[in-house]
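Participant:
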Amino acid sequence: MTTGFVLAPSGCPPCAKCTGVVNRQSSFVSRPSVGAGAAVAQSRRVVGAAPGSVRKGDVSMNAGLIAGVFGVALGLIPAMVIGKATSKKDVTDQPPAQMGAPPRVVTQDSTMEREFSQRVRARDPSAPTLVKLTSGMGVGSDLDEQFKKLEEDLMSRPVGAAPPGRDSMFANNIAWREAMLEQDPEFFSRLASGQTPEILWIGCSDSRVPANELLNLGPGEVFVHRNIANVCNHTDISFLSVLQYAVQYLKVKRIMVCGHYNCGGCKAGLGSDRLGLIDNWLRHIRDVRRNNAKALSECKSKDEELNRLIELNVLESVHSVVSTTIVQDAWDAGQELIVQGVVYQVANGKLSDIGVVANSLDDVPPVYRTLSPTSKVSEVIADTPILALSEGRLTNQFAAMYDKIYSQKAGDLAAGTDKYFQMNEQWRKAMIAKDKDYFMKNATSQAPEILWIGCSDSRVPANQLLDMPPGAVFVHRNIANMAIHSDMSFLSVLQYAVEYLKVKKVVVCGHYNCGGCNASLGDARLGLIDNWLRHVRDVRRWHQAELSQCKDAEEELSRLIELNVLEQVHNVCSTSIIQEAWDRGQNVEVQGVVYGVGDGILRDMGVVANKSDDISKLYRSKALV
Numbered sequence: 001m002t003t004g005f006v007l008a009p010s011g012c013p014p015c016a017k018c019t020g021v022v023n024r025q026s027s028f029v030s031r032p033s034v035g036a037g038a039a040v041a042q043s044r045r046v047v048g049a050a051p052g053s054v055r056k057g058d059v060s061m062n063a064g065l066i067a068g069v070f071g072v073a074l075g076l077i078p079a080m081v082i083g084k085a086t087s088k089k090d091v092t093d094q095p096p097a098q099m100g101a102p103p104r105v106v107t108q109d110s111t112m113e114r115e116f117s118q119r120v121r122a123r124d125p126s127a128p129t130l131v132k133l134t135s136g137m138g139v140g141s142d143l144d145e146q147f148k149k150l151e152e153d154l155m156s157r158p159v160g161a162a163p164p165g166r167d168s169m170f171a172n173n174i175a176w177r178e179a180m181l182e183q184d185p186e187f188f189s190r191l192a193s194g195q196t197p198e199i200l201w202i203g204c205s206d207s208r209v210p211a212n213e214l215l216n217l218g219p220g221e222v223f224v225h226r227n228i229a230n231v232c233n234h235t236d237i238s239f240l241s242v243l244q245y246a247v248q249y250l251k252v253k254r255i256m257v258c259g260h261y262n263c264g265g266c267k268a269g270l271g272s273d274r275l276g277l278i279d280n281w282l283r284h285i286r287d288v289r290r291n292n293a294k295a296l297s298e299c300k301s302k303d304e305e306l307n308r309l310i311e312l313n314v315l316e317s318v319h320s321v322v323s324t325t326i327v328q329d330a331w332d333a334g335q336e337l338i339v340q341g342v343v344y345q346v347a348n349g350k351l352s353d354i355g356v357v358a359n360s361l362d363d364v365p366p367v368y369r370t371l372s373p374t375s376k377v378s379e380v381i382a383d384t385p386i387l388a389l390s391e392g393r394l395t396n397q398f399a400a401m402y403d404k405i406y407s408q409k410a411g412d413l414a415a416g417t418d419k420y421f422q423m424n425e426q427w428r429k430a431m432i433a434k435d436k437d438y439f440m441k442n443a444t445s446q447a448p449e450i451l452w453i454g455c456s457d458s459r460v461p462a463n464q465l466l467d468m469p470p471g472a473v474f475v476h477r478n479i480a481n482m483a484i485h486s487d488m489s490f491l492s493v494l495q496y497a498v499e500y501l502k503v504k505k506v507v508v509c510g511h512y513n514c515g516g517c518n519a520s521l522g523d524a525r526l527g528l529i530d531n532w533l534r535h536v537r538d539v540r541r542w543h544q545a546e547l548s549q550c551k552d553a554e555e556e557l558s559r560l561i562e563l564n565v566l567e568q569v570h571n572v573c574s575t576s577i578i579q580e581a582w583d584r585g586q587n588v589e590v591q592g593v594v595y596g597v598g599d600g601i602l603r604d605m606g607v608v609a610n611k612s613d614d615i616s617k618l619y620r621s622k623a624l625v
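Its first residue numbered 1, the sequence shown is counted upward by one per residue in full-length UniProt numbering.
So this is what it looks like as structure tokens:
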């Protein structure tokens with residue numbers, strides 16, 4: 001049974017006075033405010049709509065009024081506002097039914113918490129500082145007349161009756177949705193019931209390498225994680241959470257690590273320019289370069305050296321995947337699971353097999369192999385560690401894999417033979433038939449206008465639901481579309497997209513029926529992924545009052561998904577990367593959207609930030625010079 005949260009003032013250890021259990025039905029708020037007036041107004045705007053009925057692409061309002069949702073304490077909203085949740089019969093475009101959401105647990109409030117909640121709701125000016133901060137009564141958080149009018153205008157409209165958005169992104173989505181429904185009227189309703197992808201794709205964020213397109217697969221067929229240079233790092237909890245969810249819960253049968261020729265991350269790893277924060281992420285590429293210095297020194301040109309490094313980086317990432325306890329536990333349990341390395345050629349659309357396939361503990365180098373009482377491993381005489389280290393290679397089966405790569409010409413690997421390579425070839429020929437120069441146009445560089453931060457869920461492929469071709473969207477995907485300030489993977493993608501690619505829009509996309517958010521509403525212990533989901537639980541805790549107003553578990557999940565998008569938009573805008581871009585006058589806006597898996601509609605959260613004034617002063621930083 002869920003026991004709730006313990007409340008203690010900042011800097012004070014819990015004691016008998018503050019160990020009451022939080023009542024999820026109460027209006028208790030435990031989040032320090034970080035929001036400005038715009039933030040409070042925006043949160044009221046979302047609260048005013050029923051969960052799951054966020055307006056579809058309405059960007060007609062003044063962006064200055066609707067921007068800056070960030071860090072608001074929703075518990076401040078009067079009961080008369082949040083109590084107007086429209087009944088389901090009045091709501092259009094409701095999201096699909098949520099699967100497996102936990103039942104609400106009702107526990108008893110403590111006297112302290114009831115008093116706390118009452119003072120918060122009354123906006124008592126004499127309340128202690130802690131209460132003011134927790135209730136959003138901090139600096140700059142009061143609403144002005146403009147935002148009151150904005151809220152009144154929103155509340156006067158029927159839920160879900162916002163006018164169509166004028167942004168091309170939403171227009172593309174509607175056109176794609178209508179085409180899919182014309183082909184298969186039940187397409188989205190089937191996706192709403194769940195996902196059963198056979199593949200986990202670990203690829204680069206490069207806009208020219210969208211997994212679903214080049215594999216010729218539709219939504220629901222590929223679970224995806226994308227970062228700079230398809231790196232798999234054992235300290236990257238974003239990667240590990242995706243891996244655990246895909247292997248342990250989705251039971252994928254294949255993990256494909258995909259590199260691509262002309263990779264900007266690997267190219268930077270060969271250079272000596274100091275690029276900023278991203279250099280710390282590229283350290284992993286430089287390690288591959290150092291450990292394979294001998295082979296790289298034998299390359300005849302810079303292009304050949306880059307191609308070889310890209311191939312070796314794929315092999316290193318495959319090694320990292322099979323070295324995890326997540327994959328080894330799966331093999332111990334007898335789970336059917338293949339880990340495969342592939343390389344994509346941007347210039348011709350061809351997916352090549354790097355010849356790396358691991359499917360048992362025998363393929364794990366002994367130094368990384370961990371055994372359980374049930375593990376079964378063949379007797380293998382391995383190379384000595386000192387020999388492997390001195391030669392820049394790994395031990396056991398991976399030594400042979402390196403030799404196989406070295407025996408082939410860099411950039412010209414053998415064609416794959418399984419069905420996924422055949423499907424890639426079908427797609428490639430179809431694209432060439434439409435435009436014989438299609439791939440060559442993207443071969444030298446990319447110029448995407450959008451950075452997409454979305455969930456790894458197989459049913460939410462950015463390029464397809466936006467109806468945009470390879471090269472149009474730079475993508476980062478993880479569990480529950482998180483943008484975390486301590487996540488080097490996210491920060492590296494953000495810096496590269498904003499500072500070097502000069503994207504014009506950063507889109508944070510959540511989706512209804514999100515498994516990560518659903519898990520965060522429950523109390524089941526899932527393993528390593530719980531540490532990643534802590535961030536979603538933070539959103540749940542900060543918005544306890546608003547969530548407690550929801551009528552049922554389905555509505556609560558939809559509202560949490562929406563609030564999580566707002567929080568991640570706030571996180572993106574609070575980074576020094578975005579603020580520095582705005583300081584130098586760069587045209588980049590940050591937008592929050594939610595996708596309906598059950599109906600294919602991309603909904604506009606009304607969150608558009610495009611200048612430093614759109615973020616709260618608490619997170620606003622200024623250059624020293």
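Heads up, the beta-carbon is just placed ideally off N, CA and C, and yes, glycines get one too.
Can you list, in chain order, the residues of its chain with a C-beta nearer than 6 Å to that of Asn359? Leave out the 5 residues immediately preceding and following it.
Facilitator: Ile338
Participant: Just checking, does the segment 213 to 229 make contact with the segment 257 to 266 on the three C-beta pairs under 8 Å criterion?
Facilitator: yes
Participant: Going by the DSSP bridge assignment, what does Phe223 pair with across the sheet?
Facilitator: Leu200
Participant: Ends of the beta strand (DSSP E) at Asn478?
Facilitator: Val473 to Asn478
Participant: Could you tell me the boundaries of the alpha helix (DSSP H) in which His485 lies?
Facilitator: Run containing His485: none; DSSP gives neither H nor E here.
Participant: State the CB to CB distance for the pair Trp532 and Ser241, rounded to an integer number of angstroms; the pair is presumed to be in contact (CB under 8 Å).
Facilitator: 4 Å
Participant: On the DSSP bridge list, what partners appear for Tyr344?
Facilitator: His260 and Leu351
Participant: Ignoring anything shorter than 4 residues or poking outside the segment 532 to 605, list the alpha helix (DSSP H) runs there in chain order.
Facilitator: 544 to 548, 553 to 574 and 576 to 583
Participant: Short check: CB of Asn481 to CB of Cys455, under 8 Å?
Facilitator: yes
Participant: Which whole-angstrom value is the C-beta distance of Leu219 and Gln426, which I expect to be below 8 Å?
Facilitator: As written in the sequence, residue 219 is Pro, which differs from the Leu given in the question. Contact between Pro219 and Gln426 does not hold, since the beta-carbon distance rounds to 18 Å and is not under 8 Å.
Participant: Assign Glu178 to buried or exposed, taking buried as 16 or more other Cβ atoms, counted over all protein chains shown, within 10 Å of its Cβ.
Facilitator: Residue environment analysis places Glu178 among the exposed positions, since fewer than 16 neighbouring C-beta atoms fall within 10 angstroms of its C-beta.
Participant: Does the beta carbon of Leu361 sit closer than 8 Å to a beta carbon anywhere in chain D?
Facilitator: The structure shown contains no chain D; it is built from a single protein chain.
Participant: On the premise that Val498 lies in contact with Ile453, defined as a C-beta separation below 8 Å, what is that separation, rounded to the nearest angstrom?
Facilitator: The Cβ separation is near 12 Å, so there is no contact.
Participant: Would you call the CB atoms of Tyr368 and Cys258 closer than 8 Å?
Facilitator: no
Participant: Can you give me the C-alpha to C-alpha distance between Ala36 and Val569, rounded to a whole angstrom?
Facilitator: Confidence is the limiting factor: at Ala36 the pLDDT is only 36, short of 50, which leaves the residue's position unreliable, though a coordinate-based value still follows. In this structure, the alpha-carbon of Ala36 lies about 14 Å from that of Val569.
Participant: Considering only residues of the segment 296 to 332, which uninterrupted alpha helix (DSSP H) runs meet the minimum length of 4 residues and lie entirely inside it, listed in chain order?
Facilitator: 302 to 322 and 325 to 332
Participant: Can you list, in chain order, the residues of its chain whose CB lies under 8 Å from that of Gly527, leaving out five sequence neighbours each side?
Facilitator: Only residues of its own chain outside the window of five on either side were considered, and among them Gln244 and Gln248 have a CB closer than 8 Å to the CB of Gly527, listed in chain order.
Participant: Roughly how many whole angstroms lie between the Cα atoms of Glu562 and Val536?
Facilitator: 11 Å
Participant: Per the DSSP calculation, Trp281 is bridged to which residue(s)?
Facilitator: Its beta-bridge partners do not exist; DSSP assigns none.
Participant: Apply the 10 Å Cβ neighbour rule to Gln195 and answer buried if 16 or more other Cβ atoms are within range, or exposed otherwise.
Facilitator: buried
Participant: Compare the beta carbon distance of Phe439 and Ser205 with 8 Å and say whether it is the shorter of the two.
Facilitator: no
Participant: Buried or exposed for Gln183, please, with buried defined as at least 16 other CB atoms from any protein chain shown within 10 angstroms of its CB.
Facilitator: exposed
Participant: Return the Cβ separation of Gly349 and Val314 in integer angstroms, given the expectation that the two are a contact with Cβ distance under 8 Å.
Facilitator: About 18 Å separates the two Cβ atoms, so there is no contact after all.
Participant: Could you tell me which of Thr370, Ala553 and Ala462 sits nearest to Val597, measuring between CA atoms?
Facilitator: When each option's Cα is compared against that of Val597, the closest is Ala462.
Participant: Quick one: any contact between the segment 280 to 288 and the segment 300 to 319, if contact means 3 or more CB pairs under 8 Å?
Facilitator: yes
Participant: How about Ser320 and Asn478: do their beta carbons lie closer than 8 Å?
Facilitator: No, these two residues do not count as a Cβ contact at 8 Å.
Participant: In this structure, how does DSSP classify Gly454 when only helix, strand and coil are distinguished?
Facilitator: Strand at Gly454.
Participant: How would you label Ser445, buried or exposed, when you count the other beta carbons within 10 angstroms and need 16 or more for buried?
Facilitator: That one is exposed.
Participant: What is the C-beta distance between Gly276 and Gln579, in whole angstroms, given that I count them as a contact (C-beta under 8 Å)?
Facilitator: About 14 Å; that fails the 8 Å criterion.
Participant: Measuring CB to CB, does Arg584 end up less than 8 Å from Val594?
Facilitator: no
Participant: Where does Lys251 fall in DSSP's three states?
Facilitator: coil
Participant: For the beta strand (DSSP E) containing Gly510, name the first residue and the last one.
Facilitator: Lys505 to His511
Participant: Select from Val364, Ser301 and His284 the residue whose C-alpha is nearest the C-alpha of Val322.
Facilitator: Val364
Participant: Output needed for Ser492: all residues of its chain with C-beta closer than 6 Å, excluding positions within five of it in sequence on either side, in chain order.
Facilitator: Apart from sequence neighbours up to five positions away, the residues of its chain that approach Ser492 with a beta-carbon distance below 6 Å are Ile228, Ile278 and Trp281, ordered along the chain.
Participant: Starting from Gly516 and walking both ways along the alpha helix (DSSP H), at which residues does that stretch end?
Facilitator: Gly515 to Leu521
Participant: According to the Cβ coordinates, are Met180 and Gly600 closer than 8 Å?
Facilitator: yes
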